[in-house]
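Per the UniProt record's numbering, the sequence shown starts with residue 1, numbered consecutively.
Positions of the beta carbon are idealized from the N, C-alpha and C atoms, including for glycine.
Here the structure is a predicted model, which is why all the values come from computation and not from measurement.
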Amino acid sequence: MTDRSTEDLERELAFYRRQCNDLGARVLRMQEEQSRAHREARRSRTAARLLRSAFGLVNVEASDEAIGDRMLEIVLDNLVCDRAAILRRDSRQGGFRIVNALGFAYPRAVGEIPLDDPPEFFFTSSREAGDGMAAALVQALGLPYIMWAYDPAAGIALLLGNRGEANVSRPFGPDDREVVEAALGVFVDIMQRRRVEEELRVAKIVAEEANSIKAAFLANLSHELRTPLNAIIGFSEIIRDEMYGIDSREKYQEYASDIHENGQHLLSLIQDILDFSRLQSGRATLREESVDLAQAAGAAMGAVSTMARERGVNLTIGIRPGMPPIHADPTRIRQILINLIGNAVKFTPAGGRVEIRAGLSDDGGAVLQVIDSGIGMAPEDIPRALEPFCQLENTYTRRFGGTGLGLPLCKTLAERHGGTLSIDSRLGVGTTVTVRLPQQRVADGSASIFYRA
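Below you can see the structure in the form of structure tokens.
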């Protein structure tokens, strides 16, 4: 064979080698693309399967903890990992604590994990060891290979872990982010929906209770208004028609006095409603001046003395001379005292007593107390007694009357003065209502403290 023929064969051989190499490279690329497409298809199927199962939790009636555990079961069933956890961030401390975990021996023993500025996603593998936060998690959990997804708005993180990579076809990688974040997103949506539904349920209960209270208040108010109105109409008709003849002047004067008394009662009811409405809307202002508590208590006691005498209730006052005046709205202070004393008289049986006290507390503030030996109330009823429009028991309403605004109105007036109103009561023993005003309300003076509250 000539040299020329040999050269031709060598060139041809080199050509076919290049062709084979090109074909081999193309085959490898096709295999890689096919493998990538297969992984993406598998990931898409996994994501679809996971999301379908997770969305089934939306209508499950269970506790938040049970929902979290079921979510982790779905994650472990669909993703290549042997343990998973849901963590929640403490908004005050900044650390994370495990709220749900599967595959961990003692997840609660981990305690709070301090993580500053956590990222939304990261992973560790044999090729991506990670540092900083990743290293802290690896150390805290005792897992070399973890994947982390975090929703900053919800403060919830999903963590996947493997003890080793021998049980997986490949280590964690960035391509897993889509599936893991989708799982976290579904869980966050489910929990937010459950929270909104719970808020709506509670709001519905509150609204229904408010409607019930409103209906009871209106029914009670109509009774409170109708009773004195019927008396006014009846007595006025007797006077108008001269039912007892023209010479029964004393009888008519008695009825006129009854009309006046019932009119005053109506006025006080309407005034309480208007005052409470103004206070709640912020339209009421305090007209402050120096107030002598002894005089205010005496005037209030005089206003209810007739009712006390008719009911056989003994009124006493425990304010000695020397009590410094306070800086307050005298009308509102008198209103507080009249309401509290009137309530005490109303709920105290014949032969009982009502005592009004005033003095200085240890911190130099003013203290007003109305103490009665009446029917009292159970401790669990005290909060309701301070709610507007509430009556503790229907039997109380029928027997003693009232709109249910007295104590809430006094509490609001005390708070407008920077003070507080509290109740101490025992059923069948009596009640003590205490109004405390801050030291700033007490006028400067050297008066001795004669009564400690």
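Only residues of its own chain outside the window of five on either side were considered, and among them Gly103 and Asn162 have a CB closer than 6 angstroms to the CB of Asp82, listed in chain order.
Around the beta carbon of Leu274, fewer than 16 other beta carbons sit within 10 angstroms, so the residue counts as exposed.
Per DSSP, Gln369 is one residue of the beta strand (DSSP E) stretching across Ala366 to Asp372. Assignment of Val291 by DSSP, reduced to helix, strand and coil, places it in the strand class.
In this structure, the CA atom of Ala14 is about 56 angstroms from the CA atom of Arg52. Asn314 is bridged by DSSP to Arg353.
With a threshold of 16 other beta carbon atoms within 10 Å, Tyr255 meets it and is buried.
About 6 angstroms separates the beta carbon of Thr316 from that of Arg353, a gap short enough to meet the 8 angstroms contact definition. For Arg332 against Leu413, the beta-carbon gap comes to about 5 angstroms, under 8 angstroms, which counts as contact. For Val99, the secondary structure class from DSSP, reduced to helix, strand or coil, is strand.
Partner residues in the beta bridge of Arg83, as assigned by DSSP, are Gly161. Judged by DSSP in its simplified three-state form, Leu386 adopts coil rather than helix or strand. Within a 10 Å sphere around the beta-carbon of Tyr145 sit 16 or more other beta-carbons, which makes this residue buried. Distances from the alpha-carbon of Ala328 to those of Ala443, Ala378, Gly132 and Asp424 put Ala443 closest. Bridge partners of Asp424 according to DSSP: Thr432. Secondary structure of Asp275 (DSSP, three-state): helix.
Distance check between Arg177 and each of Pro438, Pro379 and Pro119 places Pro119 closest, using alpha-carbon atoms only.
Straight-line spacing of the CA atoms in Asn343 and Met301 works out to 12 angstroms. For Arg426 and Ala358, the gap between their C-alpha atoms comes out near 22 angstroms. The beta carbon of Leu266 is closer than 6 angstroms to those of Pro228 in its chain, skipping five residues each way along the sequence.
Counting the other CB atoms within 10 Å of its CB gives Phe55 a total below 16, which places it among the exposed residues. Residue nearest to Leu340 within the set Pro349, Ile326, Ala350 and Glu355 is Glu355 (criterion: CA-CA distance). When rounded, the separation of the alpha-carbon atoms in Ser91 and Met377 is 41 angstroms. Excluding residues up to 5 positions away in sequence, Arg89, Glu112, Ile113, Pro114 and Leu115 lie with their Cβ nearer than 8 angstroms to the Cβ of Gly95 in the same chain. For Ile146, the enclosing beta strand (DSSP E) stretches over residues Tyr145 to Asp151. Around the beta carbon of Ile233, a 10 Å sphere encloses fewer than 16 other beta carbons of the protein chains shown; the residue is thus reported as exposed. When DSSP reads this structure, Val60 sits in no beta bridge, so it has no partner. 8 angstroms or more divides the Cβ of Arg309 from the Cβ of Ala350.
The secondary-structure analysis by DSSP pairs His327 across a beta bridge with Ser290. Distances from the CA of Leu437 to each of Leu407, Gly428, Val429 and Leu421 were compared; the closest alpha carbon is that of Leu421. Judged by DSSP secondary structure, Val442 falls outside any alpha helix (DSSP H); it is assigned neither H nor E.
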